[in-house]
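**Q** Numbering (this note's numbering), first residue to last: 314 to 795. First, the structure itself, so that you have it in front of you.
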RNA sequence: GGCGGCAUAGCCAAGUGGUAAGGCAGAGGACUGCAAAUCCUUUAUCCCCCGGUUCGAAUCCGGGUGCCGCCUCCA
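Shown next as structure tokens:
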């Protein structure tokens, strides 16, 4: 059993064989920091977060790099609007990015390089391309000459003739060829500028990723990832630049995630139909969003809606109830024991193998979650109704949960204590915990004296206030419904 | 115009040759003072349509229809 990944280069699944056995170098294109992140960014980042977690879970030593594009036209425009400068803008939105994505439980990459901190590397790479005759300077700009790279189009499956005949190739008199793209842009007066052999300027967009990935991972590395929209031209250009400069293969596997759609249409800044991650996290728990993403394959488009989040929450609630039971078993002093024998427990006993089988198939998180739910059903059969009085049963439950827990961790799920999930820090308008405890006590007294109508009245009252009561053998517990 | 992808139950979603995972929602049952949760049973004679290949296809091939993406900044 081994990992197979879908490689955009070639458009097919291939066995994953890293360049150096046991080690993986992985570069993911990050964001341009000129605005708040939207849920499309969240989808991409969660996808690669899970990929990194799974590679590490599989025993690979992963070096994970994700850049910030911190200088470009949009940042400069934003700086102008805000009356600040590019550095203030990028700093502000990098901080916002980290705030949002820390809440999503994203692993921090091993390095988060920024374009402006790699100017020497970028200049050196551009210079190399010029020296090799693969790029040319005109009036302070430097362009890459696409015709000098016969393999141009190999990633996106395009050919140069088709591209040239396409209606939307922009016209720029200074380029020798319409497909040529800027490696270095001369700065206009007042714009930030760095010295270069071609005069003061700043890097073009594509070149930074070539320079930074090669600096941190070497001239050839294993995985290069990003959104599907980056395939062309961004990644195509990265390949052209890098391979023309080094004459070596650039990245071995190209992984691209699908989009988040709204009403079946791509969500994007330019269409204006986007939700910021912040907005969404104000409405649902971060983990609900993560679960929602994990329930589809990372390459498929995924349609975002309130209903899909509600369904995701219901599914995740189910998983957290399992964790809640495991915590209760542990709190009762039970120790992990043996799982009972028998074929009926196979979905649980073999959960790790089944999960791995799904994930090995191009990180099929949807199928992997299916296997976990199979296991959860079996595990729930083992749940003691009163852990303190059923130590052996509690021990078996813990054994089962012990199998699943690391698998959930691969998906970045069930990392919070269940109480935090169900009773997490109060939103506004929620009944305070002390109040709830008092009502529960009043209801307990009513039930003890068989005054069930009063007991039901309290239940309904709390329910109307968004609090769900659950009577167990060990007493009554509660959850916020939202 | 060029290139690529998708179409599976009420909703979401796996499955790329061997006879339809899983989740949500719904129905019935067990449990419960009542609930919730949980468990059991149940919900697609069939996978957009039409042909073809095959002992056998949701899965392969041909044609059609619909939707989407890239070709311009974009995760």
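Idealized CB from N, CA, C, for every residue including glycine.
Span of the alpha helix (DSSP H) holding residue 712?
**A** 704-723
**Q** According to DSSP, which residues form a beta bridge with residue 574?
**A** 579, 616
**Q** So which of 527, 477, 637, 360 has the shortest CA-CA distance to residue 563?
**A** 527
**Q** Should residue 620 go down as buried or exposed, given a rule of 16 or more other Cβ atoms within 10 Å for buried?
**A** exposed
**Q** Helix, strand or coil for residue 376? Go by DSSP, reduced to three states.
**A** strand
**Q** Taking residue 724 as the reference, which of 338, 369, 547 has the closest Cα?
**A** 369
**Q** What are the start and end residues of the alpha helix (DSSP H) that includes residue 515?
**A** Looking at the DSSP string, residue 515 is not in any alpha helix (DSSP H); the run it does join, the beta strand (DSSP E), is 514-516.
**Q** Can residue 428 and residue 521 be called in contact, C-beta distance under 8 Å?
**A** yes
**Q** Measuring CA to CA, which of 708, 600, 692 is closest to residue 417?
**A** In terms of Cα proximity to residue 417, the closest of 708, 600, 692 is 600.
**Q** Return the bridge partner residues of residue 327 from the DSSP annotation.
**A** The partner list for residue 327 (beta bridge, DSSP) reads 318.
**Q** Does the stretch 647-664 come close enough to the stretch 677-697 to have 3 or more Cβ pairs within less than 8 Å?
**A** yes
**Q** Could you give the distance in angstroms between the alpha-carbon of residue 469 and the alpha-carbon of residue 727?
**A** 38 Å
**Q** Excluding five sequence neighbours on each side, which residues of the same chain lie with their C-beta closer than 8 Å to the C-beta of residue 756?
**A** Cβ neighbours of residue 756 beyond the five flanking positions: 767, 768, 771, 772, 782, 789.
**Q** To which residues does DSSP link residue 382 through a beta bridge?
**A** Answer is 345, bridged to residue 382.
**Q** Is it buried or exposed, residue 694, if we count other Cβ atoms within 10 angstroms and call 16 or more buried?
**A** exposed
**Q** To the nearest angstrom, report how far apart residue 704 and residue 366 are at their CA atoms.
**A** 34 Å
**Q** Along the chain, where does the alpha helix (DSSP H) that runs through residue 805 open and close?
**A** Summary: the structure shown does not reach residue 805, with the chain confined to residues 314 through 795, and so no result is reported for it.
**Q** Could you tell me whether the stretch 713-724 touches the stretch 661-675, using the rule of 3 or more Cβ pairs below 8 Å?
**A** yes
**Q** Hey, is the stretch 392-402 in contact with the stretch 353-364, meaning 3+ C-beta pairs nearer than 8 Å?
**A** no
**Q** Taking one C-beta from the stretch 408-417 and one from the stretch 342-356 each time, how about it: are there three or more such pairs within less than 8 Å?
**A** These segments touch.
**Q** Inspect the CB distances between the stretch 330-340 and the stretch 371-380 and report whether three or more fall short of 8 Å.
**A** yes
**Q** Decide if residue 558 is buried, meaning its Cβ has at least 16 other Cβ atoms within 10 Å, or exposed.
**A** With 16 or more neighbouring CB atoms inside 10 Å of its own CB, residue 558 falls in the buried class.
**Q** With a threshold of 16 other CB atoms inside 10 Å of the CB of residue 777, please say whether the residue is buried or exposed.
**A** It is exposed - the Cβ of residue 777 has fewer than 16 other Cβ atoms within 10 Å.
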